[in-house]
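Since the structure comes first, as structure tokens, the remarks are kept for the end.
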Amino acid sequence: SDRSINMPLKPAVSALARQTIKTAYDELDSTINLGDKRDFQNTTLQHVQKTALDIENQLAARQSLRNMRRLMPLFRGLEHYSKVVDVLCNGTPYLPWIWAPITLILRIASEYVEAFEKIIKGYASIAECLKRFEVLSDVFISQSDFQQTLAVFYADILTFHKYAYKFVRRSGWKLMFSTSWGRFERRFANILEDLRQHGSLIDLEANARDIAEAKEMRNDIRKWREESENKVHAQETEENSKQYESIVSWLKVNESDQLAIFDSISSEASEYQGTCGWILRNPKIRSWADSKPDTPALWLKGSAGTGKSVLCTQLVNFLKQSKFVAHHFCTYLYASSTMYEQIVRSLVLQILRKDGDLVAHVYKSCILEKKAPTVPALEQLLLTLLASMSSEPNQAEYIWVVIDGLDECDPDKQIRLIRLINQITSKPELPGTITCKILISSRAPSNPLQRLRRRQAISLSEEKVFLQEAIRQYVDQRLKSMDTKLRQLDIGYSEIGEIQDVVVTKADGMFLYARLVMDYLASNIFYDGDEIKKSVNQLPQKLTDFYHKILTQILVQLDPRSVDRIRCVLGWIAFAKRPLHKAELLSAITFSSGDPEVPRLVPQYILDICGTLIEEKKDATLSFIHNSVKEFLQMDSNTIVIREHQAFREHCIASVTCLLSGLKVFRQTYPEHDRLIRVAKGLHGFHVYANEFWTEYLLTYATSDDITTQDSSLSLICLACKLADALERLDPVNAADTSSSKLADERLVYLRQYKVLQKHVERALRVRSNENFESRVLQDQPLETSKQRRRSRLISDEISTMLTFYQETVESLLSQGYCPGLTADELEHFKVSFRFAAFTCRLASCSRATIGFETSKLLKEHEKSHLQWYKCTFAECQYPPFMSAGALTRHTKKYHTPVVAPKAIRKGVTNRALEAHPNEHVKPDGLAGRSAGLSLQENLSTTNNGLVNFDFDWFLLDADTEDSDIDAFQ
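Reading the sequence shown from the start, the letters are residues -9 to 960 in my numbering.
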């Protein structure tokens, strides 16, 4: 009993140290699959060593021998560390977790030798930090600060296990190894540095004379740890952002179109709250929205005007609160939105925004390897991303995809999309994989959607009870907005309820019909409630009949000339290349007459007459109140019929006429004040659109049958030839401008009988080509290497010169506070209408070519994003982009690849300094110095431009491989 009394007591364990260890353990425990960690508690360090040697033998049998003895220092270090930290883990399952995951991670990684080698090196690096535990006395274990430092060691080792495990267990890790490991190494380097610093702290704490210094060091480490974690995160974010921008440029996707469509549709629901809530209570929707494999594909079907698109936006908004959802909305307003390849590109980009590792993979495998974004390549890329995006090895993950308006796409494209969706939804649900659940909204019937496998359907025609209740809420809110008008008619609450019942019954589950009825009530004159109810009951039952009634009211008092002008307005809204702003539309209608000498803009009231069928969107563009209006207006039974080929001819005439007018107005010989007034009044508001699309209109029309069968075609061709002749007089086409043996567009052969016109159309196409665009952007830079000047000959023409003149005029007006001949209201109206007209992108395929930016700086940054240059994506690197992937690769090896320090032959002052700071010569951030032996401080330049020891001689002499422009990207 005396002996037991004299035995030393175990030291008390610090609560902070125990909590640090528990937190690290819990994080790793929740990360690793149950099957993978089943034997961890019974795994000893000897088991791990034996497994490592077994793996070595297996690799040798596969002719891939790897020296596993490199891990022996790690195992020895862990053995000594475990003896010290055992006090903190006593009575818990924590201790084996510092070595047990190594067996699992090595076994998985051994399937891929390159990854296995990297992970071996990573684990071997930890050994150096554990050496001190071989000689460390346990006398300090009772000190709480010392315990906390030991706990941090534990946490860092388990954090490395966690990252390594997630790395080798995420789906598609072998495919993405080369790109993902680089991102992982940055975090590992941070963990290793944390171990080093805490190792130094242990050395100080073990020396009683350095207690004050140890306390100061602990505070410094705590501050460094927080800053370094923030820095790593910031570096990853910056690198990811640069790579993502390059991918957007490579895909040539304008995300603003989808944003505009989504905002426009969702604003209708937000204006009338509570009208869509019922869809979230639908059993099939709930099953589809749940994180379970049930209901992988859902078809939301309904007739025109039942609110499918609005419901889809609300589903997206609801899912976004807690889930990852990608979406695409198709509409006739934006032709690109209905193109199959654009749908695939849109989904690819949305998936990439979720995962930085996927961004790095696509950047390396597609951008740096110069792959073309063909449709088959994009389809395969989408499938690869979906298969690789799961980053949680312990659970099955889900992604929801919503595609609205599939019926707006061509039937063959619908079938192709359904085929792709079937591939996506056919994957089984497994832990560590992504399950994709898709909802498609479309009208019924739909032959393509009959091919959608594993689908369930929600037919809105069978949900009329819920639709009617939603419509009742909508009508109630609309009637409240008419409160003043109704009170003047002495209509009480009961009678308002009767009116509401009549409208809801009449709508019969169709939101669009209810809207038309409420618009009708708001715009007409009534004397009492009975008159209102009677009028509603007399309205046509069918939507098309309602449209016919509205159209008749518009046209009934108009003469044939006025009817034709209304048809022109409707044709522009239906078939313009993109939605037009009001000012653009009025200018387009003005030039549709074919008269370049037209003195004034058409009056705005021409749009007001059509007001019942058209509306102004939030982005100030004009469209039909619903896409079914366009379909209705193309029916032959109507009083007025819009035909696509006729509208195209008118649009072509307007474009050519606008340019003809511009050739006179936008020249130095034209009076400046008169030019300012014409532009400010909006007469030339169509100029940017005309400049962008006149060649496409001409070529499309040239290939149609109309060019040889209709007399009106002669007037169009005569007008186009008149433009070509004027261009020839001002700026004749040189042989060099069209010297290529291959035509810029194969459709030019249809203009061969009009030689001058053919030459100027071809030159215009070459001016707007990608190659010429790059040359123009390069020419605009203040400093340029001679190599870049020789890359290609810059082509220009009078059309582009005229556009510059027009935009300079717009810019001048935007900067003025007063203009003689204009009222203050007129000038302000111009500024609001044309603030995006002065700075437009010069790349023809870009949507920003017609809807530009508010400043020149924003435009220049945007145009640079189109160039096929290769940016260094390392955070804080300020090198200009490179002209080739090879040049970027050489730069990365030269400046961003860690250099292993040579072992010291003789210990001296310098060597001791290097040993104390072994990584200071490696500079992963910014531009590394040319000398690997200098410290970071010695490499810093005192210049203000941020370039560190920039080797200008090398940069300029190596122009053949690393063409860049410094000033352009400062």
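Virtual Cβ for every residue (Gly too), placed ideally from N, Cα, C.
In this text the structure is predicted, and so the values were computed from the model without any measurement.
Alpha-carbon to alpha-carbon, residue j and residue i
i: F763; j: T830; result: 13 angstroms
i: T296; j: D498; result: 10 angstroms
i: A7; j: L148; result: 15 angstroms
i: R659; j: V678; result: Per the sequence presented here, residue 659 reads as Thr, with Arg not at that position. In a straight line, the C-alpha of T659 is about 22 angstroms away from that of V678.
i: Y796; j: N724; result: 25 angstroms
i: A250; j: R838; result: 14 angstroms
i: W562; j: Y324; result: 13 angstroms
i: I424; j: I414; result: 10 angstroms
i: E331; j: V391; result: 16 angstroms
i: L442; j: T629; result: 40 angstroms
i: V103; j: A51; result: 13 angstroms
i: I95; j: E46; result: 14 angstroms
i: G81; j: K73; result: 14 angstroms
i: R902; j: G876; result: For R902, the predicted structure reports a pLDDT of 41, less than 50, and the residue's modelled location is therefore unreliable. The matter cannot be settled from this model.
i: Y483; j: K310; result: 39 angstroms
i: S281; j: T882; result: 42 angstroms
i: D397; j: R758; result: 33 angstroms
i: E175; j: A224; result: 15 angstroms
i: S925; j: T887; result: Note that S925 has pLDDT 34, beneath the 50 cutoff, so the model's placement of it is unreliable and the number below is only indicative. Those two C-alpha atoms are separated by around 16 angstroms.
i: I895; j: Q138; result: Unreliable positioning characterises I895 in this predicted model, as indicated by a pLDDT of 42, which lies under 50. A coordinate reading is not provided.
i: P91; j: D146; result: 14 angstroms
i: D253; j: L375; result: 27 angstroms
i: Q248; j: I255; result: 11 angstroms
i: R551; j: G601; result: 19 angstroms
i: Y144; j: L165; result: 31 angstroms
i: Q9; j: Y84; result: 12 angstroms
i: E488; j: K523; result: 8 angstroms
i: C708; j: E686; result: 17 angstroms
Residue of the options minimising C-alpha distance to residue i
i: W289; options: R335, S281, L339, G395; result: G395
i: C711; options: E736, L720, L689, Y744; result: Y744
i: I544; options: L603, S281, K111; result: L603
i: C642; options: R59, Y691, L666; result: Y691
i: E621; options: K40, Y537, P283, L689; result: Y537
i: V646; options: I579, S694, R668; result: I579
i: S805; options: S759, R766, F820; result: F820
i: L878; options: Q868, C862, L68; result: C862
i: M62; options: S257, Q39, T813; result: Q39
i: F824; options: P661, C836, P722, L570; result: L570
Residue i vs residue j beta-carbon contact at 8 angstroms
i: I11; j: A114; result: no
i: V334; j: E369; result: yes
i: V465; j: Q440; result: no
i: I448; j: K274; result: yes
i: A670; j: F565; result: no
i: K291; j: R444; result: no
i: S790; j: G675; result: no
i: S236; j: I357; result: yes
i: K298; j: L450; result: yes
i: I556; j: I486; result: no
i: T285; j: Q446; result: yes
i: Q748; j: L741; result: yes
i: S277; j: H856; result: no
i: A287; j: I389; result: no
i: N527; j: V492; result: yes
Residue i CB to nearest heavy atom of the ligand ZN below 7 angstroms
i: K749; result: Ligands in the displayed structure: none, and consequently the ligand ZN is not present.
Integer Cβ distance of residue i from residue j, believed to fall under 8 angstroms
i: A117; j: I109; result: Between I109 and A117 the Cβ distance is about 14 angstroms, and since that is not below 8 angstroms, they are no contact.
i: Y15; j: W87; result: 6 angstroms
i: S134; j: S336; result: The Cβ separation is near 56 angstroms, so there is no contact.
i: H37; j: T93; result: 7 angstroms
i: L688; j: V739; result: 13 angstroms between Cβ atoms; not a contact.
i: R468; j: M500; result: Incorrect: roughly 15 angstroms between the Cβ atoms, too far for contact.
i: V222; j: R177; result: 6 angstroms
i: F106; j: R56; result: 7 angstroms
Is the number of C-beta pairs between the region 264 to 275 and the region 300 to 310 that are closer than 8 angstroms three or more?
yes
The region 605 to 619 / the region 514 to 521 touching (three or more Cβ pairs under 8 angstroms) = No, they do not touch.
| said: When you compare the region 251 to 264 with the region 579 to 591, are there three or more beta-carbon pairs, one atom per stretch, that lie closer than 8 angstroms? | reply: no
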